[in-house]
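Participant: First the structure, then my questions, so here it is.
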Amino acid sequence: MPSYICHILPILCVLVFPALFTQEQPKLLLVSFDGFRWDYIYKAKTPNFSYIIQNGVHVKQVTNIFITKTFPNHYTLSTGLYAENHGIVANEMYDSVLNKTFSMNNLEIYDSFWWEEAYPIWVSNQMQGYKSGAAMWPGTDVKIHGMFPSHYMTYNGSVSFEYRINQLIKWFKSEQAINIGLLYWEEPDETGHMVGPDDPKMKKVIADIDSKLGYLIVQLKTEGLWDKLNVIITSDHGMAEVLQDRIIELDQYIDREMYTLVDHTPVVAILPKEGKMEEVYKALVHAHPNMTVYKKEEIPDHFHYKHNSRIQPIFAVVDNGWALLQNKSDGFLLGNHGYDNTLQDMHPIFVAYGPAFKKNYFKETMESVDLYPLMCHILGISPLPNNGSINRVLDLLDSTDPSSQTKATDSYSWVLGAVFGIVIVAVFLVIFIKQVTLSQLHTVQVPQSEMTQPLLEG
Ligand SMILES: [Zn+2]
Numbered sequence: 000m001p002s003y004i005c006h007i008l009p010i011l012c013v014l015v016f017p018a019l020f021t022q023e024q025p026k027l028l029l030v031s032f033d034g035f036r037w038d039y040i041y042k043a044k045t046p047n048f049s050y051i052i053q054n055g056v057h058v059k060q061v062t063n064i065f066i067t068k069t070f071p072n073h074y075t076l077s078t079g080l081y082a083e084n085h086g087i088v089a090n091e092m093y094d095s096v097l098n099k100t101f102s103m104n105n106l107e108i109y110d111s112f113w114w115e116e117a118y119p120i121w122v123s124n125q126m127q128g129y130k131s132g133a134a135m136w137p138g139t140d141v142k143i144h145g146m147f148p149s150h151y152m153t154y155n156g157s158v159s160f161e162y163r164i165n166q167l168i169k170w171f172k173s174e175q176a177i178n179i180g181l182l183y184w185e186e187p188d189e190t191g192h193m194v195g196p197d198d199p200k201m202k203k204v205i206a207d208i209d210s211k212l213g214y215l216i217v218q219l220k221t222e223g224l225w226d227k228l229n230v231i232i233t234s235d236h237g238m239a240e241v242l243q244d245r246i247i248e249l250d251q252y253i254d255r256e257m258y259t260l261v262d263h264t265p266v267v268a269i270l271p272k273e274g275k276m277e278e279v280y281k282a283l284v285h286a287h288p289n290m291t292v293y294k295k296e297e298i299p300d301h302f303h304y305k306h307n308s309r310i311q312p313i314f315a316v317v318d319n320g321w322a323l324l325q326n327k328s329d330g331f332l333l334g335n336h337g338y339d340n341t342l343q344d345m346h347p348i349f350v351a352y353g354p355a356f357k358k359n360y361f362k363e364t365m366e367s368v369d370l371y372p373l374m375c376h377i378l379g380i381s382p383l384p385n386n387g388s389i390n391r392v393l394d395l396l397d398s399t400d401p402s403s404q405t406k407a408t409d410s411y412s413w414v415l416g417a418v419f420g421i422v423i424v425a426v427f428l429v430i431f432i433k434q435v436t437l438s439q440l441h442t443v444q445v446p447q448s449e450m451t452q453p454l455l456e457g
């Protein structure tokens with residue numbers, strides 16, 4: 000082999016082969032701490048949140064979708080759609096066509112029917128040939144469009160955070176590794192409802208969430224995933240302080256016989272009994288200065304909460320910090336959410352770390368519908384039509400990371416790299432075969448000449 004090839008080949012191989020074989024599939028872990036209001040990190044010591052913020056990105060407030068409740072917002076995070084488009088319009092729903100009800104705390108949530116107006120990210124990820132894993136994320140234990148996540152857990156609130164993260168790590172490291180994992184944790188929502196978001200008891204819960212985040216970081220580092228994985232920590236909604244003297248009672252204005260209460264405080268979905276529509280509406284529309292009542296068709300466009308048969312004919316929203324009950328005896332929460340999504344109290348936090356993200360980058364706000372296109376972009380999968388925009392959140396990404404380039408560029412460099420690599424390998428093989436053949440011919444000829452030599456001599 001000419002000596003210059005001997006020198007050039009190793010250099011070319013070093014340049015080309017890493018591009019071909021070490022470009023790992025980008026990986027993403029999405030974590031939701033239910034009801035983690037944007038400013039909770041300032042209420043307690045949160046060294047682990049600070050660690051991610053210093054080394055990654057921090058979006059101060061996420062504008063989530065209306066209504067600011069758990070199921071609608073989690074389905075938005077995984078679909079990029081407003082509630083009227085993904086169909087999970089509330090935690091409590093009624094479908095008048097099929098006479099079916101949906102309640103967050105009942106088995107009806109396992110009826111695929113409710114979820115199939117959209118394709119969540121784990122379904123589209125698997126349809127594109129990848130594996131997904133989920134630990135208790137709302138909707139991930141439901142068969143949607145004929146599919147469960149490749150790995151998932153049936154919902155059980157008593158399963159520890161540590162167990163959930165360890166399972167996800169196992170799936171990220173398995174032979175047929177997942178590229179996306181979704182993790183849900185019930186706090187600080189539960190305590191926020193019980194004591195209110197401004198109660199000093201919240202400090203302990205927030206510190207506990209931070210230590211859970213610390214456990215997650217340590218485990219990912221121990222398992223060698225920390226620098227490979229893109230980790231997003233966010234939530235579905237915030238929490239507002241509700242006061243005892245801010246309760247509006249429906250019983251004061253309408254007879255219970257006239258309507259069915261479908262969804263509850265602070266955004267109340269009302270289904271009037273047949274022929275009672277106008278009567279119920281008139282009784283409520285000017286009933287209380289802190290309550291706004293809409294006929295379905297009058298719900299303001301900016302709520303994106305109108306065009307779905309699961310939205311009831313009459314809809315009432317109360318002002319921040321108010322409760323709307325049938326009667327005071329119904330039970331009262333010191334903290335609640337569901338209110339207008341433009342209120343700061345309803346906004347969750349967003350922090351992220353990983354190869355795709357910038358370091359120590361701060362952004363004032365983002366929309367929760369943009370998370371889905373952002374995740375698809377990081378994973379290199381095609382997003383389905385959605386209400387978000389990748390362009391509004393591209394600034395969060397490190398432009399030097401290959402996974403943050405556009406997909407077209409990715410495919411182009413991949414094809415270019417592959418073609419270049421194949422050419423180099425082919426050239427190398429041709430030269431190698433030629434050299435081997437020549438040397439074999441040479442070694443075959445030598446004994447012949449050696450054998451013939453004595454004969455000639457003799
Ligand atoms: Zn809640």
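Mapping of the sequence shown onto numbering that gives the first Met the number 0: position 452 corresponds to residue 451, and the numbering continues sequentially without gaps.
Backbone N, C-alpha and C fix where the C-beta goes; we use that ideal spot for every residue, glycine too.
1. What does the Cβ neighbour count give for Pro384, buried or exposed, with the cut at 16 atoms within 10 Å?
2. Using 8 Å for Cβ pairs, my map puts Gln311 next to Ala282. What's the rounded Cβ distance?
3. Taking 6 Å as the limit, tell me which residues put their C-beta closer than that to any heavy atom of ligand 1, in chain order.
4. How many Å lie between Phe458 and Asn359 at the Cα?
5. Verify whether the separation of the beta carbon atoms of Asn63 and Ser367 is less than 8 Å.
6. Enumerate, from N- to C-terminal direction, the unbroken beta strand (DSSP E) stretches of 3 or more residues contained entirely within the region 310-334.
7. Which residue wins for smallest C-alpha separation from Ile177, given the options Leu224, Lys200, Ala206?
8. Whose CA, out of Leu342, Ile164, Gly132, Glu116, lies closest to the CA of Tyr151?
9. Gly79 and Pro382: beta carbons closer than 8 Å?
10. In the DSSP assignment, what residue or residues form a beta bridge with His346?
11. With DSSP run on the structure shown, which of helix, strand or coil describes Glu479?
12. Based on Cα-Cα distance, which residue from Tyr41, Pro25, Thr67 lies nearest to Asp339?
13. Report all residues from its chain with a CB closer than 6 Å to the CB of Gly86; omit the five preceding and five following residues, and keep chain order.
14. So for Gln53, helix, strand or coil by DSSP?
15. Is the separation between the beta-carbon of His303 and that of Asn72 shorter than 8 Å?
16. Taking only the alpha-carbon atoms, compute the straight-line gap between Gly195 and Leu323 and give it to the nearest angstrom.
17. Provide the residue span of the beta strand (DSSP E) that contains Val266, from first to last.
18. Is the region 133-152 in contact with the region 239-258, if contact means three or more CB pairs nearer than 8 Å?
19. With Tyr371 as the anchor, note down where its alpha helix (DSSP H) starts and where it stops.
20. Among the residues of its own chain, which have a CB less than 6 Å from the CB of His346, if the five just before and after it don't count?
21. By DSSP, does Glu115 sit in helix, in strand, or in coil?
22. Spatial neighbours of Lys220 within its chain, please: C-beta separation below 6 Å, excluding the five flanking residues on both sides.
Facilitator: Put simply:
1. exposed
2. Incorrect: roughly 16 Å between the Cβ atoms, too far for contact.
3. Gly34, Thr69, Asp188, His192, His336
4. There is no way to answer for residue 458, as the model of the chain reaches only from 0 to 457.
5. yes
6. 313-317, 322-324
7. Leu224
8. Gly132
9. yes
10. DSSP, once it has assigned bridges, lists no residue as partnering His346.
11. Nothing can be reported for residue 479, as the shown portion of the chain is limited to 0 through 457.
12. Thr67
13. Glu116
14. helix
15. no
16. 17 Å
17. 266-271
18. no
19. 370-378
20. Trp37, Gln60, Val61, Gly237
21. coil
22. none
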